[in-house]
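Here the structure comes first, spelled out in C-alpha cells, and everything after it is commentary.
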DNA sequence: ATCTTTTTGCAACAAAGTTGCATGCTAGTT
DNA sequence: AACTAGCATGCAACTTTGTTGCAAAAAGAT
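Protein chains in written order, with the numbering used here: chain H, 236 to 373; chain W, 236 to 373.
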C-alpha cells in the first residue's frame, strides 16, 4: 500500500508529502467516493483545512481523482482508473448513491451508456448517478 | 404568464406571494437552469437572501423545480415538467453543461437510459449529465 | 550538507447557507 | 369590507464552506 501510494504520486510528478500520502490512502481504502468533509473528519486534526482543499485540487488536476456531480449540494471525489490521463478523464462508470446510508459506490462494471444528443452539441464527458438503496440498506 | 404563474402556485397549494411569483417568472422566462446566485442577482434588492433560499426549498419540495447535479460546487435548479408530483421527480431527461460558457441546458427530448445494476441495488432515480460544448460555443 | 522549489499552516477574509423570532401578508370567513 | 388564523417574509446573528497571501517548513536535487 505504502509503495503503491508513493508510485502514484511519483508517476504524477508530485512530491511525496504527509498529507498527500494520507489522503490518497483514504481513497484507496474506501472503495467509494469521499466528500471533502469526510476527508477532513478522517484526517482529524492532522492537516489544515486549506491543505485538504489544495491537495484535492492537485489530485483533480493530475487526474488522480475525479469529481462526481450529485443533485444535492455536495461534491464527491473518487479515484480514477489508471487510464485517466492528466486533464482527460475516461471515467465512464456509473456512480450509485445510497439515499439511506449516504455512501457513494463506484459501479465499476456498469458503463455509462452513450446517448444521442441534438444537433450542434459536442459531448466530451458523460456522467451518470443513480440514487437508491444499496445492498446493505434494503 | 401572470395567470400561468398563479395557476402553478395554486395547484401546489401555495399562497401567492410576491417573491414566489417573481422567482417562478424567472424560471419560466429563462428556459434553462438557474443557480441560486442568478436568482439573487436578477431579483435585485427586492427580496431577502433568506427568502430566495426558502422559496427554492419550497418549490423543490412541491416538485415545481428540480435540482441538477453539476461537477463543480454549484447547485442548479430548473422547472419540472408537469408530471413531477410532490416528492417524486420524474425528471428523466439529460442535462448538458457547456464547459465553455458554463450554461446548463435541459435536453428535454433526450431521456436518461436505464442501466442494469448489480444484484442488490434498488434504484430510485437516474440522473445523467453530459459535459461538452453547446451549439453557440463550438 | 546546502540550496532551490514546492508545500504547508496560519490568519484573515469572502461566500454560501441556516435558524429563531417578530412583523407583515394571504386567504378564508363572516 | 373587516377580521383573524396561519403562513411567509425580513432581519440579525450565526455556522459552514471555500479562498488568498505570506512566512515557515519540508521535499528533492546537487
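By construction, the Cβ of each residue, glycine as well, lies at the ideal position given by its N, Cα and C atoms.
Contact under 8 Å by Cβ, residue i with residue j
i	j	result
residue 267 of chain W	residue 340 of chain W	yes
residue 254 of chain H	residue 286 of chain H	yes
residue 299 of chain W	residue 315 of chain W	yes
residue 244 of chain W	residue 352 of chain H	no
residue 240 of chain H	residue 256 of chain H	yes
residue 263 of chain W	residue 236 of chain W	yes
residue 356 of chain H	residue 355 of chain W	no
residue 349 of chain H	residue 334 of chain W	no
residue 327 of chain W	residue 361 of chain W	yes
residue 297 of chain H	residue 247 of chain H	yes
residue 277 of chain H	residue 261 of chain H	yes
Test: residue i CB closer than 8 Å to a CB of chain W
i	result
residue 292 of chain H	no
residue 287 of chain H	no
residue 364 of chain H	yes
residue 267 of chain H	no
residue 263 of chain H	no
residue 367 of chain H	yes
residue 355 of chain H	yes
residue 254 of chain H	no
Which of helix, strand or coil DSSP assigns to residue i
i	result
residue 336 of chain W	coil
residue 341 of chain W	strand
residue 330 of chain W	strand
Beta carbon proximity, residue i to chain H, threshold 8 Å
i	result
residue 298 of chain W	no
residue 314 of chain W	no
residue 305 of chain W	yes
residue 373 of chain W	yes
residue 344 of chain W	yes
residue 277 of chain W	no
residue 338 of chain W	no
residue 351 of chain W	yes
residue 248 of chain W	no
residue 359 of chain W	yes
residue 251 of chain W	no
residue 281 of chain W	no
CB-CB length for residue i against residue j, believed under 8 Å
i	j	result
residue 347 of chain W	residue 365 of chain W	Actually they are not in contact, since the Cβ atoms of residue 347 of chain W and residue 365 of chain W sit about 11 Å apart, beyond 8 Å.
| task | Mind listing, in chain order, the continuous beta strand (DSSP E) runs of no fewer than 3 residues lying wholly within the segment 236-312 of chain H? | result | 300-304
| Along the chain, which unbroken stretches of the beta strand (DSSP E) at least 3 residues long are found entirely within the segment 347-373 of chain W? | 357-368
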